[in-house]
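>
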Amino acid sequence: MALELVGKLIKVLPEVSGQSQKGPWSKQEFVIETLDASYPKKVCLTAWGDKVADLKQFADGDTLKATFSAESREYNERWYTELRAFRIELAEGDGGSAPAAPRSAPAQQARPAQQSQPVAASFNSAFDEESNDLPF
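In this note's numbering, the protein residues as written are 542 to 677.
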């Protein structure tokens with residue numbers, strides 16, 4: 542399952558590395574703030590292995606598109622969830638976070654408005670007293 546998140550890079554946490562039975566590993570967590578104008582959310586994602594080097598090319602404030610998978614695991618009857626980013630790239634048209642937000646927000650708002658208008662029009666005309674053909 543692949544999910545995408547577009548937002549502004551606000552923080553890169555320190556790199557963590559170690560040694561396992563399979564060999565050395567490294568990971569780095571980073572925080573993206575969504576571009577939702579009303580309720581922006583901060584989301585922490587994790588880059589593993591080679592993706593740690595990919596993350597270093599971005600600076601705070603860049604608008605990124607992160608493709609990730611979500612996975613939860615249990616340990617001692619507690620659940621832990623990790624969002625593992627496997628593709629990190631600049632968002633299309635990255636000239637700052639302002640141009641990206643208006644492009645996506647009106648498109649999402651315009652569709653429900655267009656769909657609800659015909660439904661409202663047909664609802665009103667169907668129950669208009671003059672056009673009611675019921676015998677009672």
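All C-beta atoms, glycine included, are put in the ideal place defined by N, C-alpha and C. As the structure is a prediction and not an experimental result, all values here were calculated from the model.
What separation, rounded to the nearest whole angstrom, lies between the Cα atoms of Asp669 and Ala578?
For Asp669, the predicted model reports a pLDDT of 49, less than 50, meaning its position is unreliable; a value from the coordinates is still stated below. In a straight line, the C-alpha of Asp669 is about 39 Å away from that of Ala578.
> Among Asn617, Gly590, Cys585 and Ala611, which has the Cα closest to the Cα of Lys563?
Per the Cα distances, Gly590.
> Look at the Cβ atom of Ile629, then the Cβ atom of Asp595, and state whether they are nearer than 7 Å.
Yes, Cβ-Cβ distance for Ile629 and Asp595 is below 7 Å.
> Cβ of Ala570 within 7 Å of Cβ of Pro581?
Here the sequence assigns Glu to residue 570, which means Ala is not the residue at that position. Taking 7 Å as the Cβ cut-off, Glu570 and Pro581 do not qualify as a contacting pair.
> Could you check how far apart the C-beta atoms of Lys583 and Phe627 are, in whole angstroms? I think they sit under 8 Å.
At roughly 20 Å, the Cβ-Cβ gap does not stay under 8 Å, so Lys583 and Phe627 are not in contact.
> Going by the beta-carbon positions, is the gap between Leu546 and Ala588 smaller than 7 Å?
No.
> Using 10 angstroms around the beta-carbon of Lys549, count the other beta-carbons present and answer buried if the total reaches 16, otherwise exposed.
Its Cβ being crowded by 16 or more others within 10 Å, Lys549 is buried.
> If you scan the segment 542-585 from start to end, which runs of the beta strand (DSSP E) of 3 or more residues do you find wholly inside it?
Segments of the beta strand (DSSP E) lying fully in the segment 542-585: 544-553, 557-561 and 564-575.
> Ignore the nearest five residues each way along the sequence and tell me which others in Val572's own chain have a CB closer than 6 Å to its CB.
These residues qualify, in order along the chain: Ile551, Lys552, Lys583 and Cys585.
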